[in-house]
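Here's the structure we're looking at; comments come further down.
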Amino acid sequence: MASSLRVLIHGGGIGGLTLAADLARRGHTVEVAEIRDELDALGVGIIQPTNALHVMREIGVLDACLEAGFEWEVLTIADPAGNALARIPQPRMGEVPAANGIPRPALAKVLGDAAVAAGAKVRFGVTITELDDDGAGVDVTLSDGSTGRWDLVAGFDGIGSPLRTRLYGDRYAPAYTGFANWRVTLPRPADVQGVVMATAGKEAKALLTPITDELMYLGAVFAEAEDFRPDPEHAHEELAKRLALFSGPVAEALAAVTDPSAVVYSRISQVTVEEPWHVGRVVLAGDAAHASTPHLAQGAAMAVEDALVLAESLDTATTVPAALEAWEARRRPRAMWVQAMSRAVLKQEMGAETTAEEDALLAVGIPGAAHVLAKPY
Ligand SMILES: Cc1cc2nc3c(=O)[nH]c(=O)nc-3n(C[C@H](O)[C@H](O)[C@H](O)COP(=O)(O)OP(=O)(O)OC[C@H]3O[C@@H](n4cnc5c(N)ncnc54)[C@H](O)[C@@H]3O)c2cc1C
1 MASSLRVLIH
11 GGGIGGLTLA
21 ADLARRGHTV
31 EVAEIRDELD
41 ALGVGIIQPT
51 NALHVMREIG
61 VLDACLEAGF
71 EWEVLTIADP
81 AGNALARIPQ
91 PRMGEVPAAN
101 GIPRPALAKV
111 LGDAAVAAGA
121 KVRFGVTITE
131 LDDDGAGVDV
141 TLSDGSTGRW
151 DLVAGFDGIG
161 SPLRTRLYGD
171 RYAPAYTGFA
181 NWRVTLPRPA
191 DVQGVVMATA
201 GKEAKALLTP
211 ITDELMYLGA
221 VFAEAEDFRP
231 DPEHAHEELA
241 KRLALFSGPV
251 AEALAAVTDP
261 SAVVYSRISQ
271 VTVEEPWHVG
281 RVVLAGDAAH
291 ASTPHLAQGA
301 AMAVEDALVL
311 AESLDTATTV
321 PAALEAWEAR
331 RRPRAMWVQA
341 MSRAVLKQEM
351 GAETTAEEDA
361 LLAVGIPGAA
371 HVLAKPY
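Quick note on numbering: the working numbering labels position 83 of the sequence shown as 83, and the sequence is numbered without any gaps.
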């Protein structure tokens with residue numbers, strides 16, 4: 001579109017801030033309404049695969065991400081004692097690095113700074129309380145009583161998306177997969193130069209992910225009852241018990257965990273909005289539309305791709321509804337592929353029965369998926 005648009009982004013997480021930075025640098029008027037009081041994030045790390053780093057380059061923050069994180073190239077598959085069984089170089093998208101580990105708070109700061117520097121207004125402690133789309137624009141009231149009229153409202157408000165509930169009721173509530181992720185941030189031993197995936201058959205898998213020169217995180221997935229929560233006094237011991245099959249670097253890393261509050265426990269859920277991801281001038285993207293299990297480390301990568309492609313679509317289409325149609329046509333197949341593949345890997349790793357469709361995806365494998373996702377989107 002030739003004209004400058006007014007866009008309200010609901011949610012200042014990874015996808016929302018990326019969209020804010022990109023739209024603002026393209027000359028649009030952008031506000032982010034973020035419910036939290038500040039741009040913090042879970043104090044654990046995240047993997048930025050090459051396709052995510054490509055988006056970071058497009059919005060001008062690749063160097064800042066690499067500086068705040070730990071660039072790596074080779075995924076090592078190891079036995080429970082940490083002996084390398086395979087070393088798998090990760091693909092690059094063109095000249096972009098293969099992968100970067102980064103603390104989530106550092107990524108939030110990089111993206112928040114980029115959004116503000118590009119001219120976006122980021123408002124904290126606010127959420128949408130009223131929304132009226134009359135076809136020509138959207139009138140919005142925020143929880144602080146302020147009002148505005150927007151050409152587009154973009155919901156990047158995460159897996160629990162209140163905007164999704166407003167649009168579709170509870171039809172797409174997050175579905176618990178039966179599995180949960182345990183994570184803890186630790187000092188990085190010098191020889192952890194890339195992700196190390198140590199497996200003990202189908203019973204357990206532990207990942208060591210470097211996120212800075214000094215730090216890495218240990219992550220592991222286990223089947224857990226939906227209402228299970230680690231004992232706040234003994235979470236580190238509960239994690240150690242689950243990883244008892246491991247010796248070597250995983251056991252050494254675990255031995256350093258003495259504070260139960262250092263353990264971050266997250267249930268793994270999925271969301272698939274099957275209806276169109278936009279209703280009039282309100283669109284859902286990122287986890288709000290298509291949250292997947294973390295088995296390909298691609299959820300945030302999909303969110304930032306969503307953001308970049310949305311900004312591109314708004315620039316090239318002649319109307320906002322046409323842009324949203326074009327955007328979803330590009331995004332849905334790829335995001336759904338990531339979701340199906342991630343879910344298939346989860347089921348395979350946990351020894352659950354897989355469908356013929358999932359077996360076909362599993363034939364591609366995690367290394368094959370990385371190559372598929374390193375292609376232009
Ligand atoms: C265990 C685990 C490990 C993962 N590891 C990786 C990885 O290595 N690599 C990767 O690419 N992905 C990973 N992911 C997925 C990734 O974290 C998500 O896909 C990504 O954060 C989604 O981005 P988003 O912008 O859609 O949502 P979020 O980043 O969750 O942001 C949502 C934002 O909306 C805000 N919000 C919520 N409600 C409201 C409201 N009512 N009003 C205003 N704002 C609101 C929230 O406060 C938040 O700031 C992992 C996920 C899990 C669970």
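Here a beta-carbon is modelled for each residue, glycine too, at the ideal position from N, C-alpha and C.
All figures in this text were calculated on a predicted structure; none of them were measured in a lab.
>> Please return the same chain residues whose Cβ sits closer than 8 Å to the Cβ of V260, not counting the five positions on each side in sequence.
In response: For clarity, residue 260 is Pro in the given sequence; the question names Val instead. Excluding sequence neighbours, P260 sits near P230, D231, P232, E233, H234, A235, H236 and E237.
> Can you tell me whether T293 is buried or exposed, with buried defined as 16 or more other CB within 10 angstroms of its CB?
Replying inline: Burial call: buried.
>> Suppose contacts are defined by Cβ-Cβ distances below 8 Å. Is G155 in contact with P174 by that definition?
In response: No.
> DSSP state of P294, grouped into three classes?
Replying inline: Note: P294 maps to helix in three-state DSSP.
> Quick one: what's I128 bridged to in DSSP?
Replying inline: Assignment of beta-bridge partners to I128 by DSSP yields L142.
> Under 7 Å from any heavy atom of ligand 1, does the C-beta of R343 make it?
Replying inline: Checking the Cβ of R343 against ligand 1 gives no.
> Looking at the unbroken alpha helix (DSSP H) that takes in K347, where does it start and where does it end?
Replying inline: Segment V320 to E349, the alpha helix (DSSP H) holding K347.
> What residue range is occupied by the uninterrupted alpha helix (DSSP H) comprising T316?
Replying inline: Run containing T316: G299 to T316, per the alpha helix (DSSP H) assignment.
> Is there at least one non-hydrogen atom of ligand 1 closer than 7 Å to the beta-carbon of S266?
Replying inline: Because some heavy atom of ligand 1 lies under 7 Å away, the Cβ of S266 counts as near it: yes.
> Comparing the C-beta of I159 with each C-beta of chain B, is any distance below 8 Å?
Replying inline: Of the chains in the structure shown, none is chain B; there is only one protein chain.
>> Short of 8 Å in beta carbon distance, which residues of its chain neighbour D213, apart from the five on each side in sequence? Order them along the chain.
In response: Apart from the 5 residues on each side of it in sequence, D213 sits with its Cβ closer than 8 Å to the Cβ of F70 and R188 in its chain, given in chain order.
> Is any heavy atom in ligand 1 found nearer than 7 Å to the beta carbon of N51?
Replying inline: Answer for N51: no, Cβ out of range of ligand 1.
> What separation, rounded to the nearest whole angstrom, lies between the Cα atoms of L152 and A114?
Replying inline: The straight-line gap from Cα to Cα measures roughly 21 Å.
> Are the beta-carbon atoms belonging to M197 and L207 less than 8 Å from one another?
Replying inline: Yes.
>> Taking a contact to mean a Cβ-Cβ separation below 8 Å, would you say E31 touches A120 in this structure?
In response: Closer than 8 Å, so yes.
> Quick one: is the Cβ of I59 within less than 7 Å of any heavy atom of ligand 1?
Replying inline: It does not: the Cβ of I59 is nowhere closer than 7 Å to a heavy atom of ligand 1.
> Can you name, in chain order, every residue of its own chain whose Cβ lies under 6 Å from the Cβ of I14, other than the five neighbours on each side?
Replying inline: Around I14: A300 and A303.
> At what residues does the beta strand (DSSP E) containing Y217 begin and finish?
Replying inline: Residue range L215 to A223 is occupied by the beta strand (DSSP E) that includes Y217.
> To the nearest whole angstrom, what separates the beta carbons of T177 and I35, a pair I think is in contact under 8 Å?
Replying inline: In fact, because the Cβ distance is near 25 Å, the residues do not count as touching under 8 Å.
>> Tell me whether D134, by its Cβ, gets closer than 7 Å to a heavy atom of ligand 1.
In response: Placement of the Cβ of D134 at a distance of 7 Å or more from every heavy atom of ligand 1 is found.
> Thinking C-beta only, is V257 closer than 8 Å to V184?
Replying inline: The Cβ atoms of V184 and V257 sit closer than 8 Å to each other.
>> Using the Cβ count rule (16 or more neighbours within 10 Å means buried), how would you classify L42?
In response: It counts as exposed.
> What is the rounded straight-line gap between the Cα of H371 and the Cα of V279?
Replying inline: Distance from the CA of H371 to the CA of V279, rounded to the nearest whole angstrom, comes to 33 Å.
> Would the C-beta of N83 count as close to ligand 1, meaning under 7 Å from any of its heavy atoms?
Replying inline: It does not: the Cβ of N83 is nowhere closer than 7 Å to a heavy atom of ligand 1.
> Around the Cβ of N83, are there at least 16 other Cβ atoms within 10 angstroms (buried) or fewer (exposed)?
Replying inline: By the C-beta density criterion, N83 is exposed, having fewer than 16 other C-beta atoms within 10 angstroms.
> Can you tell me the Cα-Cα spacing of V273 and G248, whole angstroms?
Replying inline: Cα to Cα, V273 sits roughly 42 Å from G248.
>> Measuring straight from C-alpha to C-alpha, what distance separates L163 and K109?
In response: Each residue's Cα considered, the two are about 24 Å apart.
>> Going residue by residue through the region 209-291, where are the continuous beta strand (DSSP E) segments of at least 3 residues, counting only ones entirely within it?
In response: Those beta strand (DSSP E) runs which fall completely within the region 209-291 and span 3+ residues are 215-223, 264-270 and 282-284.
>> Suppose you measure from the CA of M1 to the CA of M93; what does that come to, to the nearest Å?
In response: In this structure, the straight-line span from the alpha carbon of M1 to that of M93 is close to 28 Å.
> How about W150 and V283: are their beta carbons less than 8 Å apart?
Replying inline: Not a contact, by the Cβ cut-off of 8 Å.
>> Less than 8 Å between the beta carbons of V126 and A33, yes or no?
In response: Using a Cβ distance threshold of 8 Å, V126 and A33 count as a contacting pair.
>> Assuming T50 and G194 are in contact, meaning their beta carbons sit under 8 Å apart, how far apart are those beta carbons, in whole angstroms?
In response: In fact, because the Cβ distance is near 13 Å, the residues do not count as touching under 8 Å.
>> My output table needs one value for A108: the three-state DSSP class, helix, strand or coil.
In response: Annotated three-state conformation of A108 is helix, per DSSP.
>> Please return the same chain residues whose Cβ sits closer than 7 Å to the Cβ of R57, not counting the five positions on each side in sequence.
In response: Short of 7 Å from the beta carbon of R57, and not among the five residues preceding or following it, lie these beta carbons of its own chain, in chain order: V96.
> Are V263 and L239 touching if we call contact CB-CB under 8 Å?
Replying inline: Cβ atoms of V263 and L239: closer than 8 Å.
> Can Q339 be considered in contact with ligand 1, in the sense that its beta carbon sits closer than 7 Å to one or more heavy atoms?
Replying inline: No, the beta carbon of Q339 sits no closer than 7 Å to any heavy atom of ligand 1.
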